[in-house]
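Chemist:
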Amino acid sequence: MRVQLTANNKLYDLEGELWEQKFPFYKTADGFTSLVGVRASCPPGDYPVAVTGFDAYDQPVKLEGTVAVADGGYIKEKIVIAAPDKKKIFDPALEEKKMLEYRKVQGIITRKSDEQLWAGTFTLPAEGRITSPFGTYRTFSTGGEERHLGVDIANKEGTPVRAANRGKVMLGEELIVRGKAVIVDHGRGVFTIYNHLSGIAVEPGERVEKGQVLGYMGSSGLATGSHLHWEMRVFKWVVDPLQWTTATFTYRSPEEEAAAEAEVERGYEEALAAAPPEAKETAGGHLQPGELIPDMEGTD
Ligand SMILES: [Zn+2]
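Numbering (this note's numbering), first residue to last: 288 to 587.
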């Protein structure tokens, strides 16, 4: 959702706090704006938001408001797990590896990059059938529960998986749960994550155009069949990527957005016309404690 603040534009360093998480505001044509995510498990209702910053005389200011959360209409489903899969999913050794992976991903998606690289709407990263939408609440026949915090697109192994919008590759390697995964930073706290790939075609640090092939669909990591589990984060919050494929969220003025979108769309056309790249050798088993970034906070 978009949190909008209309104020004297002499204010600076504005920071909001919502659900015990801090997030920055950016100066926009009509005041100050921040795009924030709402947890799928958040009950509908009004929530207080606090904003702090400084005025033109360097005096601290504190503002308060509320944001309204509506019902997401998420699906509830029950998953029946056959005995051999039970061990695979609820193995305690796996839980520890999952935690290392979680912290590694958190370390990447909490990095700050102030430039908005994306423009316009995001595109579905692969052709296929959406087999599980975002937010589905699952209970397992073997006990336990989870909420599906991504969108599943199923198709045959090797189906190209493309960047949903312009961005920069932050990770391209094999993880435990996600398998071969790519994380793209679109700037200003917006990240997309592409999981269970059979091969990766990009490297960290690379700028990618919307539609550029990141890798190929597969079933690496904890996956029962060939599909793409597509995730999206906004300042650490997990959000529904499908929402971004139909609505434009932007910090730009309408004129700036139209110009940026035309440029991104040109890159998109070129990326779709380009020959699909070869998958590269992918490093895996990288999750050593020494690699972790120590100052990560929060959970989701
Ligand atoms: Zn999934």
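C-beta: ideal position from N, C-alpha, C; glycine also.
Quick caveat: nothing in here was measured; it's all calculated off a predicted structure.
1) How is the beta strand (DSSP E) around P347 delimited, first residue to last?
2) Using 7 Å as the cut-off, classify the Cβ of D439 as near or not near the heavy atoms of ligand 1, replying yes or no.
3) Can you name the residues that DSSP bridges to H516?
4) Please name the residue in Y481, D439, G422 whose C-alpha comes closest to that of E432.
5) Give the range of the beta strand (DSSP E) segment to which I463 is assigned.
6) Would the C-beta of S419 count as close to ligand 1, meaning under 7 Å from any of its heavy atoms?
7) Quick check on E304: does DSSP put it in helix, strand or coil?
8) Kindly give me the distance between the Cβ atoms of Y481 and W517, rounded to whole angstroms, as I take these residues to be in contact under 8 Å.
9) Three Cβ pairs or more, each shorter than 8 Å: is that satisfied between the region 495-514 and the region 455-473?
10) Using CA atoms only, rank isn't needed, just tell me which of T511, E550, F536, I487 is closest to K567.
11) Under the three-state reduction of DSSP, which class applies to V325: helix, strand or coil?
12) Is DSSP giving A558 helix, strand or coil here?
Modeler: Straight from the coordinates:
1) 347-356
2) Because some heavy atom of ligand 1 lies under 7 Å away, the Cβ of D439 counts as near it: yes.
3) D439, N482
4) G422
5) Run containing I463: none; DSSP gives neither H nor E here.
6) True, at least one ligand heavy atom lies under 7 Å from that Cβ.
7) Under the three-state reduction of DSSP, E304 is assigned to strand.
8) 6 Å
9) yes
10) Put simply, of T511, E550, F536, I487 the residue whose alpha carbon is nearest the alpha carbon of K567 is I487.
11) coil
12) helix
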